[in-house]
Amino acid sequence: MARGTIDTYEIGDASITVEFDTGGPVGATEVVFINGDDYSVTRWFYYDEFHEQYARNFAEKIVTDSEYRQKSLDGTADWAQVSDLYDEASRRVHQLFRDHKLLGYRHGNDTEKQRYETATTEQERICKSLFEEIKSRIRDGENVASLSNYIDDRVETAKQIATTLDPEAAHTLEVGMRVLDTGDTTTFRPEDTASVAVVVALPPDSADAHYVTDTDTVADYNENYPDDASVATVAFESDLPEADEWDDDPERLQEIASGDAIRTYTYPAPRLVPVDVAERLKDPP
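Be aware that the sequence shown starts at 0, since it is given in numbering that gives the first Met the number 0, and climbs by one per residue.
Take a look at the structure:
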């Protein structure tokens with residue numbers, strides 16, 4: 000972690016310090032501190048936002064414009080709303096990659112280094128898109144609540160990527176691949192909640208190829224395989240609330256499964272990765 004002073008100066012009775020600090024939010028390395036007699040404002044600058052003159056202009060407006068200063072202190076100024084939303088969203092994304100132990104590597108371990116480089120690139124890509132979209136929508140007058148679904152979707156994308164890159168999570172999901180038959184219960188990371196699924200279609204020979212013993216799951220063999228050897232099509236219990244008996248009537252489950260309820264995963268693979276939803280019901284292609 001690196002930190003240093005870029006500039007210090009005074010505007011009226013306020014002192015301003017501009018610093019370089021790599022310990023800030025994802026995508027932020029410059030921060031300005033504005034300290035007046037009875038107020039204090041701190042602002043991080045994200046990605047390509049920072050220019051010294053821009054920071055100085057911002058500080059001057061805080062000091063000289065009492066209405067703008069109060070909005071900034073209240074968190075209702077555009078920049079403050081963007082900062083609050085982005086900081087919380089980027090922390091969620093960062094924590095996912097951190098929890099999967101992707102933000103570091105052992106010296107000399109090329110596999111871990113490559114995984115780390117991929118993870119940091121993906122983290123920054125997701126966070127930058129979050130920042131740009133949040134900033135654009137706030138400037139267009141959207142309220143904060145309307146952004147929650149967008150943020151949740153981007154965080155879900157981060158979960159999928161972090162899970163895919165995590166070798167431990169990949170192992171867990173590989174064990175779970177065998178249990179993608181009708182009525183199975185298994186743990187799908189990163190949510191770590193047991194999800195019962197009805198398998199609408201599986202690739203040829205996949206059950207035999209990925210048979211795993213010593214698991215805590217129970218499954219009924221499903222012979223309804225399509226010709227496509229690259230995907231498994233499943234519908235989860237949570238998607239089909241009208242299904243009462245998950246183990247007894249797989250044909251009934253397939254009948255009530257709708258296109259919106261079906262999720263498709265690459266299969267076979269070293270891990271399960273969500274792909275586009277396939278509109279497959281009883282009769283596989």
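We treat Cβ as the ideally placed atom computed from N, Cα and C, and that holds for glycine.
- Taking 4 residues as the minimum length, the alpha helix (DSSP H) runs contained wholly in the region 6-68 are 51-63, in order along the chain.
- For S82, the enclosing alpha helix (DSSP H) begins and ends at 77-98.
- Out of I10, E29, G23, S145, the CA that lies nearest to the CA of V17 is found in E29.
- Three or more Cβ pairs closer than 8 Å define a contact, and the region 7-23 meets that threshold against the region 40-58.
- In the structure shown, R136 falls within a helical segment according to DSSP collapsed to helix, strand and coil.
- Spatial neighbours of K127 in its own chain (CB-CB distance under 7 Å, excluding positions within 5 residues in sequence) are listed in chain order as G26, Y46.
- Beta bridge pairing from DSSP links G103 with no other residue.
- Going by C-alpha positions, D109 is about 18 Å away from A161.
- Note on geometry: alpha-carbon atoms of N34 and R124 lie some 33 Å from one another.
- Between V31 and A58, the C-beta spacing is below 8 Å.
- Y85 is not a Cβ neighbour of F44, given a cutoff of 8 Å.
- Distances from the alpha-carbon of A157 to those of D98, L146, Y67 put D98 closest.
- Classified as exposed, E116 has fewer than 16 neighbouring CB atoms from the shown chains inside 10 Å of its CB.
- Taking the Cα positions, I137 is about 22 Å away from S65.
- In this structure S145 is exposed. Its beta-carbon is surrounded by fewer than 16 other beta-carbon atoms within 10 angstroms.
- Cβ contact annotation for Y67 (same chain, cutoff 8 Å, sequence separation greater than five): K60, I61, A76, in chain order.
- The beta carbon of G11 sits closer than 6 Å to those of V62, all from its chain and outside the five residues before and after it, given in chain order.
- A distance below 8 Å separates the beta carbons of S71 and V40.
- Residue environment: T120 is assigned as exposed (fewer than 16 neighbouring CB atoms within 10 Å of its CB, all protein chains considered).
- Short of 8 Å from the beta carbon of L95, and not among the five residues preceding or following it, lie these beta carbons of its own chain, in chain order: V154, A157, K158, A161, P189.
- R114 has no beta-bridge partner at all, per DSSP.
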